[in-house]
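Protein sequence lines, in the order shown, are assigned to chains Z and G.
Heads up: the first sequence begins at 734 in the numbering used here, then just goes up one per residue.
Heads up: the second sequence begins at 38 in the numbering used here, then just goes up one per residue.
Ideal Cβ placement from N, Cα and C applies to all residues, glycine included.
This structure is a prediction, so every number in the text was calculated from the model and none was measured.
The structure under discussion appears below in the form of C-alpha cells.
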Amino acid sequence: MQRRRLLTTAMVTTALALAGCAGQDADEPAATPASSAAGFPVTVGAVTLEARPEKIVSLSPTATEMLFAIGAGPQVTAVDDQSSYPADAPKSDLSGFKPNAEAIAAKDPDLVVVSNDTENIVAQLGKLSIPAFVAPAATTLEDTYAQLGDLGALTGHRAEAEKTGADMATRIDEIVKSVPARSRPLSYFYELGPDLYSATSKTFIGSIFAKFGMTNVADAADASGSFGGYPQLTQEAVVKANPDMIFLADSKCCQQSAATVTARSGWSTVTAVEKGQIYALDDDIASRWGPRTPDLVQAVADAVGKVPA
Amino acid sequence: MIDAVAPKQRARSAGLRPAWLVAGALAVLVATLAGLAFGSASLPPGGVAAEMLNLIPGVRLESGLTDREVAILMQLRLPRVVLGLLVGAMLALSGAAYQGAFRNPLADPHLLGVAAGAGLGVTAVIVLGAGSTTEVPVGVPMAAFVGAVTAVALTWLLGAAGSRDRTPAALILAGVAVSAFLSAAQTFLLQRHVESLQEVYSWLLGRLATAGWHDVLVILPYALVTGVIVLSRRRELDVLTVGDAEAASLGLHPQRSRYLLIIAASLGTAAAVSVSGLIGFVGIIVPHTIRLLTGPSYRSLLPLSVLFGAAFLTLTDLLARTVAGDAEIPIGVVTAFLGAPFFVLVMRTSRAVPT
C-alpha cells in the first residue's frame, strides 16, 4: 500500500495538489562542485545543509529507494512504515501519512525527506531546526532524475546520483527500443483499485506507457484535468473503451488478478479480457517514481511483447 | 410536524390513495427507463427498448446492439439500476420506520449512527481478513448489521431511553456522538492496518460504481425481510405515533413493536450500506417529501417511501454516473448535497414534534 495511490483513492484533491507541486524543484541550481564529501555547505530548494547528513529519516518509500540506490543508505537511520524496499532499510513505525514531528525528532535526524508537506510537517520540523526536504511525486521521468540529483547533492553522493539517473535512462531507452513498433497503437486501462480509479496520460505512470505509443482509455474521463489525472471511471466507460490491455496496480492491496477481472460481470467482451491480456504489476514498483522504474518499464514491455502485432 | 395529537380517525382516513400508488409506480418506471437509457456509453434507445422487451418470456426482437453493447446494458447498467432501486427503497423505508419507531422526524439511518456502526463493522471484518467487499456475500452484510444494531442501540440509550421529555434533538445529538465515536474507532483500526485502507475507502465512497448482479443477489433476501416486516407493521406505526399508553390500551406491545421495527430497519440499512457504501439522507428526504404530499399516516407513507425511495436513488445515481462524462462522482456526495439543506428545512419546520 503506497501513499501515492492511497491519496489518489481517498482524496483526489490531495493527489491534485501533489501533481501540481511536482517538479517545482526540477531546476534547482547545483550550488557547489561535484566532489562528494567536500560539497558542503549545500543548498537545494529551501534546504541548506552545512555538513553531510549522517542521520537521515526518510518518510517516503520512493525517497528511501533513491537514497539506497545512490549510496546514501548507510546514512539513513530510519524509514517510514511503508518503505518496503530495499529489504535492509531501517524500517520504523514512523508514518509518512500522518507524520509526527515528535516521533521524528526522537530519531535526532539531521535531514528528513518527505514526499509531501502534509500536516505542515516541514514547518513543525523547522521549529525544531530539523531540515526537511520535500521530494514530491514525479509526473515525468525528468522529475525523477532531478529528484535523484537533489538527494545526491543533499547527501554528498552527487556523482552516484547522476550515474543512477543516467543508468535508469539508458536502461529505459533500451527496453523501449526492444519493443517493435506497431501499426495500430495498443490501448490500455491502468487500474489503481477495484473501484476503477485510474491514471491518465498526464501522470507519471501515463508517461511510461506513452513511451510505448499506447493510448490510455482513462484520458477521456479527465480531459480537463479536473481530477488531477486520477479519475474514477464508470464500468461502462471501461467496457465501452474496450482496451487491448489491462494493467493491475491493485494486485497486492486488493487481491485483483486476471482471474478476478475476467470474472467481473459484463467485462467478457473487452478485448483484454477476451484475449487474456491482463497483467498484474507489482503495486509498490508501479506506485513509486524511483530507481526501480526500469523494472516497471520492463514489465510493461514484456506484456506488450506478448500481444500479437 | 407529524401528528402530535393524531386522532385514530385521521390516520384511518389517510389510508393509501390509489392515485399516489400509481404516481409512485410511474416514478419507478420513469427512473428505471432513464437509468437504462443513459450512461457513459451511448446506446441506441431502440436497441435498449428491444433488449428490455426481450426479457419478457416469448419475446424475441432484433435489437441491433453489438455483443459489447448488450454486455454494457445487461451486465453493467441493468444491475446498477436494479441495485439503486433496492438500496433507495431500503434506505427510505428504514428512515421512515426509524422516524415512526422513535417518534422523531429527524431520524435517519445516517444520523442515528447506523451507517457509522455498519462502517465500523465492515472495516473490522476487512481488517481482520474475515471478509472481502469484493467477494464473500455473507461476512460483510452481517458485520454491517451487527455494527448497525449496536450503533442504534447506543444512540437510543444515550438519547431517548428512560426519559419522557427528551427533544428530537437529543436523539440526533446522541447519534452524532455515537457516529463520531464509531468513526474514530474505525480510523484507529485503519491506522493499525494501512494495507486495508484502500479497500475500506473504496467501499466507503460507494460501491454502486462497480455494481453487478452479484450485489443484487446479496441484498435481495435482506431487502425482502426488511420490506415484509416493516410494511406489515404500518398500522402499528400509526398507533405508536399516538403514544405508548394509547398503544398499550389498544392491545399493542409498544416496546416490542419498536424493537422489531428498529431491528428490521437496521437490517435493511446494513444490507444497503454493505453493497452501496455510506449513502446519507435518503431516509430523511424521501419520507418527508411524501409526508408533505400525502399526510402523516404510515399506512401510505411506508409503501410510498419504497416506491419513491427507489426512484429517487436511481435518478441520483444516474446523475452521479453521467454528469462527469466517463468519470464517477461518489453517489454519497450527490445525496448529501441534496440532503443536508433538506435536513435543515425539516429541522426548522418541525418545532413542535412529539418526543
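Looking at the ligand FMN, does it come within less than 7 Å of residue i, judged from the CB to the closest heavy atom?
i                 : result
Leu-268 (chain G) : Absence of the ligand FMN is noted for the structure shown, with no ligands found whatsoever.
Looking at the strands, I want to know which residues DSSP matches up with residue i.
i                 : result
Val-812 (chain Z) : Z:Ser-791, Z:Lys-824
Phe-980 (chain Z) : Z:Tyr-923, Z:Tyr-1012
Thr-933 (chain Z) : None, per the DSSP bridge assignment.
Ala-129 (chain G) : In the DSSP output, where bridge partners are listed per residue, Ala-129 (chain G) has none listed.
Asn-949 (chain Z) : Z:Tyr-921
Gln-965 (chain Z) : Z:Tyr-930
Val-343 (chain G) : DSSP, once it has assigned bridges, lists no residue as partnering Val-343 (chain G).
Leu-782 (chain Z) : Z:Val-775
Ala-284 (chain G) : None, per the DSSP bridge assignment.
Trp-364 (chain G) : A small fix is needed here, since residue 364 (chain G) is Ala in this sequence, not Trp. Answer by DSSP bridge pairing, in chain order: Z:Leu-966.
Check the Cβ of residue i against every Cβ in chain Z and list those closer than 8 Å, keeping chain order.
i                 : result
Thr-372 (chain G) : Within chain Z, no residue comes near Thr-372 (chain G); the closest Cβ sits about 17 Å away, beyond 8 Å.
Ala-78 (chain G)  : Glu-969, Ala-970, Val-972, Lys-973
From the options, pick the residue whose C-alpha is nearest to that of residue i; which is it?
i                  : options                                        : result
Glu-787 (chain Z)  : Z:Pro-807, Z:Lys-985, Z:Pro-1041               : Z:Pro-807
Ala-886 (chain Z)  : Z:Val-845, Z:Val-775, Z:Val-809                : Z:Val-775
Val-162 (chain G)  : G:Phe-139, G:Trp-240, G:Asp-145, G:Gly-196     : G:Trp-240
Tyr-1012 (chain Z) : Z:Ala-822, Z:Tyr-818, Z:Gly-946, Z:Thr-993     : Z:Thr-993
Ala-144 (chain G)  : G:Val-151, G:Leu-297, G:Tyr-135, G:Ala-248     : G:Tyr-135
Met-947 (chain Z)  : Z:Ala-914, Z:Val-777, Z:Asp-955, Z:Arg-1021    : Z:Ala-914
Lys-985 (chain Z)  : Z:Ala-784, Z:Ser-817, Z:Ala-796                : Z:Ser-817
Arg-1025 (chain Z) : Z:Thr-795, Z:Glu-783, Z:Gly-778, Z:Ser-791     : Z:Thr-795
Ala-246 (chain G)  : G:Leu-90, G:Ile-368, G:Leu-98, G:Leu-257       : G:Ile-368
Ala-1036 (chain Z) : Z:Leu-919, Z:Ala-870, Z:Thr-872, Z:Leu-792     : Z:Leu-919
Trp-871 (chain Z)  : Z:Arg-785, Z:Ile-938, Z:Val-1006               : Checking the sequence shown, residue 871 (chain Z) turns out to be Ala, not Trp. When each option's Cα is compared against that of Ala-871 (chain Z), the closest is Z:Ile-938.
Gly-1094 (chain Z) : Z:Val-1033, Z:Ala-1042, Z:Pro-1027, Z:Thr-1004 : Examination of residue 1094 (chain Z) is not possible in this model, given that chain Z is present from 734 through 1042 alone.
Ile-789 (chain Z)  : Z:Leu-929, Z:Phe-866, Z:Ser-931, Z:Ser-916     : Z:Phe-866
Phe-380 (chain G)  : G:Asn-141, G:Val-118, G:Ala-78                 : G:Asn-141
Ile-300 (chain G)  : G:Ser-342, G:Glu-232, G:Gly-196, G:Phe-182     : G:Phe-182
Gln-1031 (chain Z) : Z:Ile-837, Z:Lys-1008, Z:Thr-903               : Z:Thr-903
Arg-917 (chain Z)  : Z:Asp-977, Z:Ser-1020, Z:Ser-1001              : Z:Asp-977
Leu-122 (chain G)  : G:Ala-307, G:Gly-176, G:Ala-56, G:Ala-260      : G:Ala-260
Trp-1022 (chain Z) : Z:Leu-929, Z:Asp-876, Z:Glu-907, Z:Gln-989     : Z:Asp-876
Asp-363 (chain G)  : Z:Ala-802, Z:Ser-940, Z:Ala-956                : Z:Ala-956
Leu-1029 (chain Z) : Z:Ala-784, Z:Gly-778, Z:Thr-781, Z:Ile-905     : Z:Ile-905
Arg-293 (chain G)  : G:Ala-248, G:Ala-222, G:Gln-235, G:Ala-138     : G:Ala-138
Identify the contact partners of residue i in chain B, using a Cβ-Cβ distance below 8 Å as the criterion.
i                 : result
Ser-998 (chain Z) : Going by chain labels, chain B is absent from the structure shown, which instead holds the protein chains Z and G.
In chain G, what lies closer than 7 Å to residue i by C-beta?
i                  : result
Thr-1002 (chain Z) : Asp-104, Arg-105, Ala-108
Residue i touches chain Z at which residues, Cβ-Cβ below 9 Å?
i                 : result
Ala-181 (chain G) : By Cβ distance, chain Z contributes nothing, its closest Cβ being about 18 Å from Ala-181 (chain G), past 9 Å.
Ala-246 (chain G) : Asp-928, Leu-929, Gln-965, Leu-966, Thr-967, Gln-968
Starting from residue i, find everything on chain Z with Cβ-Cβ shorter than 7 Å and list it in chain order.
i                 : result
Gln-223 (chain G) : Those within 7 Å of Gln-223 (chain G) in chain Z number zero; the least Cβ separation is about 13 Å.
Gln-292 (chain G) : In chain order: nothing, as chain Z lies at least about 42 Å away.
Mind checking the stretch 113-138 of chain G against chain Z and listing, in chain order, the residues whose C-beta falls within less than 9 Å of any C-beta there? Leu-113, Arg-114, Pro-116, Arg-117: these are the residues of the stretch 113-138 of chain G whose beta carbon lies less than 9 Å from some beta carbon of chain Z, given in chain order.
Pull out every residue of the stretch 913-946 of chain Z whose Cβ sits closer than 9 Å to any Cβ of chain G, in chain order. Leu-925, Gly-926, Pro-927, Asp-928, Leu-929, Tyr-930
Against chain Z, which members of the stretch 85-103 of chain G pass a CB distance test of less than 9 Å? Thr-103
Taking a Cβ distance cut-off of 9 Å, strictly less, list which residues of the stretch 252-283 of chain G are near chain Z, in chain order. none
Between the stretch 954-986 of chain Z and chain G, which residues of the former have a C-beta closer than 7 Å to a C-beta of the latter? Ala-954, Asp-955, Phe-960, Pro-964, Gln-965, Leu-966, Thr-967, Gln-968, Glu-969, Ala-970, Val-972, Lys-973, Asn-975, Cys-986
In chain order, each beta strand (DSSP E) run of at least 3 residues that lies wholly inside the stretch 812-890 of chain Z: 844-847, 865-867
Beta carbons nearer than 8 Å to chain G: which residues of the stretch 863-889 of chain Z have them? Against chain G - using a Cβ distance shorter than 8 Å - the stretch 863-889 of chain Z contributes no residues.
Mind pulling the alpha helix (DSSP H) runs of 4 or more residues that sit fully within the stretch 227-280 of chain G? Fully enclosed alpha helix (DSSP H) runs of no fewer than 4 residues occupy 234-241, 250-269, 271-279 of the stretch 227-280 of chain G, in order along the chain.
Chain-ordered residues of the stretch 356-369 of chain G with a beta carbon less than 7 Å from chain Z: Arg-358, Gly-362, Asp-363, Ala-364, Glu-365
Which residue spans inside the stretch 71-110 of chain G form an unbroken alpha helix (DSSP H) run of at least 4? Secondary structure remark: continuous alpha helix (DSSP H) runs of at least 4 residues inside the stretch 71-110 of chain G, in chain order: 82-91, 104-108.
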